[in-house]
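Residue numbers (the numbering used here), protein chains in the order written: chain A, 184 to 402; chain B, 150 to 420. C-beta atoms are modelled at their ideal positions from N, C-alpha and C, and glycine is treated no differently. Worksheet: the structure to be examined is printed underneath.
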Amino acid sequence: MAFVLAPDIPFDDWLSELDAQSKRSPGFFTGRPVILDLSRLTLAKPDVAGLLAQLQARSIRIIGVEGVDPCWLGPGLAPIPRSGGTASVIEFPKDDGAPEGDITTNTETDETNLLIDWPVRSGQCVSFPQGDITIVGSVASGAEVVAGGSIHIYGTLRGRAIAGSGGDKRARIFCRNLEAELLAIAGLYRTVEEIEPHLRGQPIQAWLDGNVLMMSTQD
Amino acid sequence: MAKVIVVTSGKGGVGKTTTTATLGAALAQTGQNVAVVDFDVGLRNLDLMMGAERRVVYDLINVINGSAKLPQALIRDKRLETLHLLPASQTRDKSALTEKGVARVMKELEEQFDWIICDSPAGIERGAILAMRHADIAVIVTNPEISSVRDSDRIIGMLDAKTQKAEDGGDIEKHLLISRYDPARSARNEMLSIDDVLDILSVPLIGVIPESEEVLRASNLGSPVTMSNPDSAPARAYFDAARRLTGESVPMSIPEERRNLFGKLFGRRAA
Ligand SMILES: Nc1ncnc2c1ncn2[C@@H]1O[C@H](COP(=O)(O)OP(=O)(O)OP(=O)(O)O)[C@@H](O)[C@H]1O
Ligand SMILES: [Mg+2]
Chain A
184 MAFVLAPDIP
194 FDDWLSELDA
204 QSKRSPGFFT
214 GRPVILDLSR
224 LTLAKPDVAG
234 LLAQLQARSI
244 RIIGVEGVDP
254 CWLGPGLAPI
264 PRSGGTASVI
274 EFPKDDGAPE
284 GDITTNTETD
294 ETNLLIDWPV
304 RSGQCVSFPQ
314 GDITIVGSVA
324 SGAEVVAGGS
334 IHIYGTLRGR
344 AIAGSGGDKR
354 ARIFCRNLEA
364 ELLAIAGLYR
374 TVEEIEPHLR
384 GQPIQAWLDG
394 NVLMMSTQD
Chain B
150 MAKVIVVTSG
160 KGGVGKTTTT
170 ATLGAALAQT
180 GQNVAVVDFD
190 VGLRNLDLMM
200 GAERRVVYDL
210 INVINGSAKL
220 PQALIRDKRL
230 ETLHLLPASQ
240 TRDKSALTEK
250 GVARVMKELE
260 EQFDWIICDS
270 PAGIERGAIL
280 AMRHADIAVI
290 VTNPEISSVR
300 DSDRIIGMLD
310 AKTQKAEDGG
320 DIEKHLLISR
330 YDPARSARNE
340 MLSIDDVLDI
350 LSVPLIGVIP
360 ESEEVLRASN
370 LGSPVTMSNP
380 DSAPARAYFD
390 AARRLTGESV
400 PMSIPEERRN
410 LFGKLFGRRA
420 A
């Protein structure tokens with residue numbers, strides 16, 4: 184399961200505390216996916232970048248960041264959205280921040296289900312905070328699907344699926360073929376390394392049992 | 150009606166320029182009027198592959214900024230009178246490539262040619278977007294390896310969002326060309342299989358070009374392989390791909406591992 188770090192300001196003090204803790208229990212962060220919760224702080228983009236660099240220098244593997252503008256994050260990081268009004272398909276920002284690479288398709292809808300009947304390509308992010316997402320097609324490595332409710336993928340999931348993004352523990356993830364980089368429901372995560380090998384390449388569902396993310400094949 | 154093709158990939162060095170020149174030649178060899186356009190400003194290559202590097206006087210940027218007329222910049226191939234090249238500038242800055250200017254030049258090309266094939270620069274930046282902007286058809290060049298496939302996937306997403314056709318609510322026609330395919334390495338699982346690539350990208354296949362010395366030799370000669378060695382395996386694969394582009398249905402032949410073939414022959418002889 185992922186571990187949540189919630190830094191305090193000033194960062195320097197917080198980082199030395201972190202270092203002290205790492206010293207007390209060496210290897211504590213080794214291989215452990217960490218989510219950075221910045222939702223209590225008001226930060227500028229360079230602060231976030233600086234903090235991420237500091238954590239990276241300590242070999243702490245941040246897989247997602249909560250409470251910041253998703254556009255501040257590189258493609259390796261999952262923004263963890265809170266709530267929102269409309270569904271959108273957004274492109275991750277490019278490194279140089281130039282605007283021409285952005286894809287924004289607003290699908291304004293009152294529905295509680297967003298149907299996407301094309302493959303979600305690498306670099307694209309489909310987000311639908313107010314309900315379920317159904318994808319008729321595959322989700323590529325480097326792509327991301329974020330739903331307030333459940334996620335149904337009639338294809339191969341190679342990227343990330345984040346269900347229950349607003350904290351709904353009843354949300355589930357279904358996919359026809361599991362090759363995922365990351366699965367999350369209501370903030371509980373599993374990355375590639377934590378998915379049992381026998382589930383790979385299988386049709387699966389994932390759900391929460393208390394505070395444990397469960398996965399099984401669909402029969 | 151003229152058809153505009155963009156040859157694109159995301160990742161660099163996968164065979165876009167080779168493919169632009171060779172598909173262009175293959176189509177021109179059937180008597181259709183073809184212009185190949187180099188969008189790789191600052192890293193022009195297409196003129197070399199076409200053996201026209203010493204004949205470049207004006208280029209795409211000159212036409213865009215009005216310092217030359219299109220007919221002055223177009224270079225007719227010495228061997229094939231239906232094949233033309235609009236070269237890129239080696240010296241100018243990429244920013245000289247304006248959206249409006251490109252639109253005007255493409256329109257003018259469409260009046261004269263059956264096929265306009267645009268060689269995209271690598272990456273997902275401005276140059277690549279401008280190259281795909283006016284395309285009806287995209288040929289996505291991929292090598293059977295993970296990084297190339299992932300970048301192609303990214304480019305496909307952009308084709309569906311950033312082209313004029315997509316913005317007008319249409320569908321850009323997409324074809325996958327797998328290049329530098331080495332059957333022996335694929336058999337040893339050192340490369341992705343054709344099926345893996347198709348499964349990941351879900352775009353129809355227009356051809357599989359084998360990794361071949363002939364392609365390298367052709368580019369050194371400045372003559373696309375369909376002209377310099379039309380009977381070679383890569384030339385036949387490019388001819389077939391060109392026929393598929395024109396809508397013909399041609400059975401797909403996937404390059405096989407040679408050792409298998411020898412093995413079979415050998416086995417038969419020994420028996
Ligand atoms: N089928 C092939 N077999 C062997 N070599 C090949 C093949 N196709 C291309 N090459 C070689 O690979 C190199 C790169 O090819 P090319 O320049 O066409 O790629 P590109 O995608 O245009 O690169 P860039 O992104 O830099 O523009 C060249 O040296 C070319 O000769
Ligand atoms: Mg090139």
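Are the Cβ atoms of residue i and residue j separated by less than 9 Å?
| i | j | result |
| --- | --- | --- |
| B/Asp187 | B/Leu172 | no |
| B/Ser361 | B/Pro383 | yes |
| B/Arg159 | B/Arg299 | The residue asked about is misnamed: residue 159 of chain B is Gly in this sequence, not Arg. For B/Gly159 and B/Arg299, yes; Cβs fall inside 9 Å. |
| A/Ile318 | A/Gly338 | yes |
| B/Val156 | B/Val290 | yes |
| A/Ser348 | A/Val329 | yes |
| B/Ala284 | B/Leu308 | yes |
| B/Leu195 | B/Gln239 | no |
| A/Leu382 | A/Ile246 | no |
| B/Lys165 | B/Asp268 | yes |
| A/Thr400 | A/Gln385 | yes |
Report whether the distance from the Cβ of residue i to the nearest heavy atom of ligand 1 is below 8 Å.
| i | result |
| --- | --- |
| B/Met255 | no |
| B/Asn194 | yes |
| B/Lys185 | As written in the sequence, residue 185 of chain B is Val, which differs from the Lys given in the question. For ligand 1, not one heavy atom lies less than 8 Å from the Cβ of B/Val185. |
| B/Ala280 | no |
| B/Ile358 | yes |
| B/Asp189 | yes |
| B/Met401 | no |
| B/Arg329 | yes |
| B/Ser244 | no |
| B/Leu365 | yes |
| B/Lys160 | yes |
| B/Met340 | no |
| B/Ser335 | no |
| B/Ser368 | yes |
| B/Glu362 | yes |
| B/Met198 | yes |
| B/Thr395 | no |
Do residue i and ligand 2 come close, with the Cβ less than 8 Å from some heavy atom?
| i | result |
| --- | --- |
| B/Ala174 | no |
| B/Pro236 | no |
| B/Lys165 | yes |
| B/Ser373 | For the sequence presented, residue 373 of chain B should be read as Pro rather than Ser. No, the beta carbon of B/Pro373 sits no closer than 8 Å to any heavy atom of ligand 2. |
| B/Asp208 | no |
| B/Pro379 | no |
| B/Ala271 | yes |
| B/Asp268 | yes |
Looking at C-alpha atoms only, which residue of the options is the closest neighbour of residue i?
| i | options | result |
| --- | --- | --- |
| B/Arg228 | B/Ala386, B/Ser402, B/Val399, B/Gly371 | B/Gly371 |
| B/Glu202 | B/Val183, B/Ser216, B/Ala222 | B/Ala222 |
| A/Arg343 | A/Gln307, A/Gln313, A/Asp252 | A/Gln307 |
| B/Met150 | B/Asn214, B/Lys218, B/Trp264, B/Gly318 | B/Trp264 |
| B/Met199 | B/Met376, B/Glu274, B/Ala390, B/Glu339 | B/Met376 |
| B/Ser402 | B/Ala367, B/Val352, B/Ile343, B/Asp348 | B/Ile343 |
| A/Asn394 | A/Leu365, A/Glu379, A/Arg353 | A/Arg353 |
| A/Phe194 | A/Asn296, A/Asp392, A/Leu221 | A/Leu221 |
| B/Asp348 | A/Val309, A/Pro302, A/Asp351 | A/Pro302 |
| B/Ser328 | B/Arg393, B/Pro293, B/Thr166, B/Met340 | B/Pro293 |
| B/Glu316 | B/His324, B/Met281, B/Leu354 | B/Met281 |
| A/Val251 | A/Leu226, A/Arg241, A/Cys358 | A/Leu226 |
| B/Met167 | B/Ser216, B/Val288, B/Leu258 | As written in the sequence, residue 167 of chain B is Thr, which differs from the Met given in the question. Taking only the C-alpha atoms, the option nearest B/Thr167 is B/Val288. |
| B/Arg392 | B/Gly161, B/Gln178, B/Gly162 | B/Gln178 |
| B/Glu248 | B/Ile304, B/Ile266, B/Ala277, B/Glu339 | B/Ala277 |
| B/Leu232 | B/Val190, B/Ala174, B/Asn214, B/Glu274 | B/Ala174 |
| B/Val183 | B/Ser216, B/Asp189, B/Asp226, B/Val190 | B/Asp226 |
| A/Ile368 | A/Glu294, A/Gly332, A/Ala189, A/Asp402 | A/Gly332 |
| B/Val364 | B/Val357, B/Ser381, B/Gly356, B/Ser351 | B/Ser381 |
- Going along the chain, which residues of the region 311-327 of chain A sit with their C-beta nearer than 9 Å to a C-beta in chain B? Gly320, Ser321, Ala323, Ser324, Gly325, Ala326
- Query: Using a Cβ cut-off of 8 Å, which residues of the region 372-399 of chain A contact any Cβ in chain B, in chain order?
  - Reply: Within the region 372-399 of chain A, not one residue has a Cβ closer than 8 Å to any Cβ of chain B.
- Item | Interface residues of the region 349-379 of chain B facing chain A [CB-CB below 8 Å] | Ile349, Ser351
- Query: In chain order, what residues of the region 306-319 of chain B put their CB closer than 8 Å to some CB of chain A?
  - Reply: Gly306, Met307, Asp309, Ala310, Lys311
- Contact list for the region 293-304 of chain A against chain B, Cβ threshold 9 Å: Trp301, Pro302, Val303, Arg304
- Interface positions of the region 223-254 of chain B facing chain A (Cβ-Cβ less than 8 Å), listed along the chain: none
- Task: Pull out every residue of the region 269-296 of chain B whose Cβ sits closer than 9 Å to any Cβ of chain A, in chain order.
- Result: Ile273, Glu274, Arg275, Ile278, Ile295
- Would you list, in chain order, the members of the region 332-351 of chain A that have their beta-carbon closer than 9 Å to a beta-carbon of chain B? Of all residues in the region 332-351 of chain A, Gly338, Thr339, Arg341 have a Cβ within less than 9 Å of some Cβ in chain B.
- Could you list the residues in the region 184-209 of chain B with a C-beta less than 7 Å from some C-beta on chain A, going in chain order? Listed in sequence order: no entries.
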